[in-house]
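Heads up: the sequence shown begins at 10 in this note's numbering, then just goes up one per residue.
The beta carbon of each residue, even a glycine, is placed where N, CA and C say it ideally should be.
Here the structure is a predicted model, which is why all the values come from computation and not from measurement.
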Amino acid sequence: MALKIVSASRLARVALAASMVALPLAPVAVLAQAPTAASPLATGQLSLADLAERVMPAVVNISAVTTSDSRNRTLPQLPQLGPDTPFGDLFEEFFNRRGQGQQGQGPAQPPQQRRSQSAGSGFVIDPSGIIVTNNHVIGDANEITVIFNSGLRLKAEIIGKDTKVDLAVLRVKHDKPLESVKFGDSDKMRIGDPVMAIGNPFGLGGSVSSGIVSARNRDIQQGPYDTYIQTDAAINKGNSGGPLFNMAGEVIGINTAILSPTGGSVGIGFAVPSSLATNIVDQLREFGETRRGWLGVRIQSVDDATAEALGLGTARGALIAGVDDKGPAKPGGLDVGDVIVKFDGKEVKDSRDLPRIVASTAVGKDVPVLIIRKGKEETKTIKLGRLEDGEKVQPASARPNAEPAKPAVTSALGLELSPQTEELKKRYSIKDGTKGVVITKVDPNSNAADKRISIGELIVEVGQEAVNSPEDVTKRLDALKKEGKKSALLLVSNAQGEVRFVAVSMN
Numbered sequence: 010m011a012l013k014i015v016s017a018s019r020l021a022r023v024a025l026a027a028s029m030v031a032l033p034l035a036p037v038a039v040l041a042q043a044p045t046a047a048s049p050l051a052t053g054q055l056s057l058a059d060l061a062e063r064v065m066p067a068v069v070n071i072s073a074v075t076t077s078d079s080r081n082r083t084l085p086q087l088p089q090l091g092p093d094t095p096f097g098d099l100f101e102e103f104f105n106r107r108g109q110g111q112q113g114q115g116p117a118q119p120p121q122q123r124r125s126q127s128a129g130s131g132f133v134i135d136p137s138g139i140i141v142t143n144n145h146v147i148g149d150a151n152e153i154t155v156i157f158n159s160g161l162r163l164k165a166e167i168i169g170k171d172t173k174v175d176l177a178v179l180r181v182k183h184d185k186p187l188e189s190v191k192f193g194d195s196d197k198m199r200i201g202d203p204v205m206a207i208g209n210p211f212g213l214g215g216s217v218s219s220g221i222v223s224a225r226n227r228d229i230q231q232g233p234y235d236t237y238i239q240t241d242a243a244i245n246k247g248n249s250g251g252p253l254f255n256m257a258g259e260v261i262g263i264n265t266a267i268l269s270p271t272g273g274s275v276g277i278g279f280a281v282p283s284s285l286a287t288n289i290v291d292q293l294r295e296f297g298e299t300r301r302g303w304l305g306v307r308i309q310s311v312d313d314a315t316a317e318a319l320g321l322g323t324a325r326g327a328l329i330a331g332v333d334d335k336g337p338a339k340p341g342g343l344d345v346g347d348v349i350v351k352f353d354g355k356e357v358k359d360s361r362d363l364p365r366i367v368a369s370t371a372v373g374k375d376v377p378v379l380i381i382r383k384g385k386e387e388t389k390t391i392k393l394g395r396l397e398d399g400e401k402v403q404p405a406s407a408r409p410n411a412e413p414a415k416p417a418v419t420s421a422l423g424l425e426l427s428p429q430t431e432e433l434k435k436r437y438s439i440k441d442g443t444k445g446v447v448i449t450k451v452d453p454n455s456n457a458a459d460k461r462i463s464i465g466e467l468i469v470e471v472g473q474e475a476v477n478s479p480e481d482v483t484k485r486l487d488a489l490k491k492e493g494k495k496s497a498l499l500l501v502s503n504a505q506g507e508v509r510f511v512a513v514s515m516n
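Here you go:
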């Protein structure tokens with residue numbers, strides 16, 4: 010059975026967000042197991058009782074109710090998920106079931122109120138009543154109730170939400186100051202450090218589990234700023250939004266997701282680190298929204314072959330594959346082919362680092378950016394803009410499935426190349442103004458095919474020099490071989506003009 014990344018919240022109904030699909034709850038098995046001789050608990054060396062007692066009053070259960078009018082409710086479309094996507098089978102079953110009987114079933118029925126409920130966790134960070142949780146816990150709820158360990162129930166209002174990192178900030182009002190906890194520094198946590206999670210698993214409420222930091226900076230493909238703490242502390246549906254504590258009682262993570270074949274804990278849970286969350290929470294409290302920095306570049310990773318072709322020595326940094334005409338990077342002097350290795354004094358080890366660093370940098374700040382351009386270091390100063398959440402990414406152009414008729418071509422790197430002609434522009438729907446040499450055939454056994462270079466794409470540069478004809482390509486490849494290069498760095502464009510760098514072996 011394939012493993013699934015699932016949100017750690019418990020659903021009373023499966024009608025909220027797609028990230029909150031409920032799995033059947035297996036029968037509860039009562040297991041009696043004594044601590045092993047090696048366990049700290051067996052020797053009495055460690056107890057979390059004092060810590061749990063101290064922080065428990067600040068951890069809350071969250072009940073979110075969504076009520077909608079079925080008459081005005083549009084049935085969501087089935088997301089376009091591949092067969093290997095963790096939620097694919099669950100989405101298909103859910104939407105197919107909801108779609109049955111929606112049409113062709115006689116006269117229209119009177120509108121009905123649909124009520125769905127989700128349950129999750131959260132924690133108080135300010136005695137005045139400020140609470141942090143996951144965005145997917147509250148979704149589009151019409152009514153949010155916060156339930157304290159003492160049994161106190163308070164209605165909550167939403168201060169702000171962030172869908173990219175899955176965080177939300179709520180406010181409750183009470184006539185007395187509330188017990189609260191503080192954020193700690195997740196960057197100080199090391200693999201193997203002990204942690205404790207408290208939350209509302211399966212609606213049980215006030216449940217404590219413990220474990221260690223299993224890994225850091227995990228990318229689980231859930232968003233653009235993935236840098237999760239991995240822990241083996243038991244996290245289940247309903248723990249979403251709950252705190253992950255260090256042994257000082259500081260929140261170093263917000264429990265968000267689990268990796269599981271069944272939907273239950275198998276010892277692989279993920280928490281948003283406090284180093285990422287604190288800045289977002291502060292912005293939501295102050296502005297009711299996030300205000301992230303924006304550089305205006307499209308980047309890609311640097312692998313070993315690309316590093317060799319660029320003369321970087323080792324694979325590092327973020328390679329600029331596109332520059333937004335209206336973004337801050339262009340007037341600041343950044344260009345396609347530059348490799349960003351430091352941003353605002355922070356090292357960019359790989360391409361995943363850059364979006365997080367940029368997003369957490371103040372809008373409008375003049376930022377020094379260290380780049381490598383054609384083997385030499387340069388520093389540019391960029392006045393950072395603000396990220397527009399509504400930015401739309403241009404869809405990739407459709408590529409033909411069938412192999413086209415073969416024109417007069419030149420062969421290189423397992424590719425057959427042709428100059429642009431009106432016939433080829435029409436065949437591949439090449440956008441006017443798109444530069445480069447057209448790829449008309451790809452040897453399926455070539456390294457170029459392994460790098461997913463496709464028929465109908467264009468080679469714009471070879472070794473960071475522009476090419477306008479197949480002859481330019483072969484001449485540039487010969488020059489690179491004489492320089493002792495093992496790989497050729499190609500700038501490849503799709504039919505719409507979107508480019509990316511690909512390092513192809515010349516052996």
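| Just how far apart, CA to CA, sit alanine 457 and valine 451? | Distance between the alpha carbons of alanine 457 and valine 451 is about 7 Å.
| request: Pull up the DSSP beta-bridge partners for proline 373, would you. | output: Correcting the residue identity first, residue 373 is glycine in this sequence and not proline. Bridge partners of glycine 373: none, in fact.
| Residues bridged to tyrosine 234 by DSSP? | Beta-bridge pairing links tyrosine 234 to no other residue.
| Grouping DSSP H, G and I as helix and E and B as strand, with all else coil, what is aspartate 98? | Note on aspartate 98: pLDDT 41, under 50, position unreliable in the model; no value is reported.
| said: Between Gly320, Val332 and Gly276, which has its C-alpha nearest alanine 563's C-alpha? | reply: This structure leaves residue 563 out entirely; the chain is present only between 10 and 516.
| query | In the DSSP assignment, what residue or residues form a beta bridge with proline 479? | reply | Answer by DSSP bridge pairing: none, since proline 479 is not bridged.
| query | If you scan the region 280 to 360 from start to end, which runs of the beta strand (DSSP E) of 3 or more residues do you find wholly inside it? | reply | Given a length threshold of 3 residues, each whole run of the beta strand (DSSP E) inside the region 280 to 360 is given here in chain order: 306 to 309, 327 to 332 and 348 to 352.
| request: Return the CA-CA distance between valine 376 and lysine 392, expressed in angstroms with no decimal places. | output: 6 Å
| Simplified DSSP state of leucine 60, which is helix, strand or coil | helix
| message | With a threshold of 7 Å on Cβ separation, who are the neighbours of alanine 330 within its own chain once the five nearest residues in sequence on each side are excluded? | response | Arg307, Ile308, Gln309, Val345, Val508, Arg509 and Phe510
| field | From Ser219, Ser223, Glu466 and Ser130, residue whose alpha carbon lies closest to that of glutamate 425 | value | Between glutamate 425 and the set Ser219, Ser223, Glu466 and Ser130, the nearest pair of CA atoms involves Glu466.
| message | What does the Cβ neighbour count give for serine 79, buried or exposed, with the cut at 16 atoms within 10 Å? | response | Because the pLDDT at serine 79 is just 49, under 50, the model does not fix this residue reliably, and the value given afterwards should be weighed accordingly. Serine 79 comes out exposed.
| task | For phenylalanine 352, count neighbouring Cβ atoms within 10 angstroms of its own Cβ and tell me buried if that reaches 16, exposed if not. | result | buried
| Helix, strand or coil: which one does DSSP assign to proline 252? | strand
| Residue environment, histidine 145, which counts as buried when at least 16 other CB atoms sit within 10 Å | buried
| Does DSSP put arginine 461 in a helix, in a strand, or in coil? | Secondary structure of arginine 461 (DSSP, three-state): coil.
| query | With 16 other CB atoms within 10 Å as the buried threshold, where does arginine 365 fall? | reply | By the 10 Å Cβ count, arginine 365 comes out buried.
| field | For alanine 421, the nearest candidate out of Lys460, Gly442, Val332 and Met515 (CA to CA) | value | Nearest C-alpha to alanine 421: Met515.
| said: Cutting at 8 Å between CB atoms, please list the residues of its own chain near glycine 297, excluding the five before and the five after it. | reply: Ile168 and Gly169
| When the Cα atoms are used, what is the spatial distance from glutamate 188 to glutamine 230? | 35 Å
| said: Distance check for threonine 299 and threonine 390, CA to CA, integer angstroms please. | reply: 24 Å
| Is phenylalanine 157 helix, strand or coil when you go by DSSP? | coil
| request: Just the C-alpha distance for leucine 367 and isoleucine 200, rounded to the nearest angstrom, thanks. | output: The identity of residue 367 in the sequence shown is valine, whereas the question assumes leucine. C-alpha separation (whole angstroms): 26 Å.
| field | Check whether alanine 504 and threonine 443 have beta carbons under 8 Å apart | value | yes
| query | Helix or strand or just coil, what does DSSP make of serine 48? | reply | Reliability fails at serine 48, whose pLDDT of 40 lies under 50, so the model's placement of it is uncertain and no value is given.
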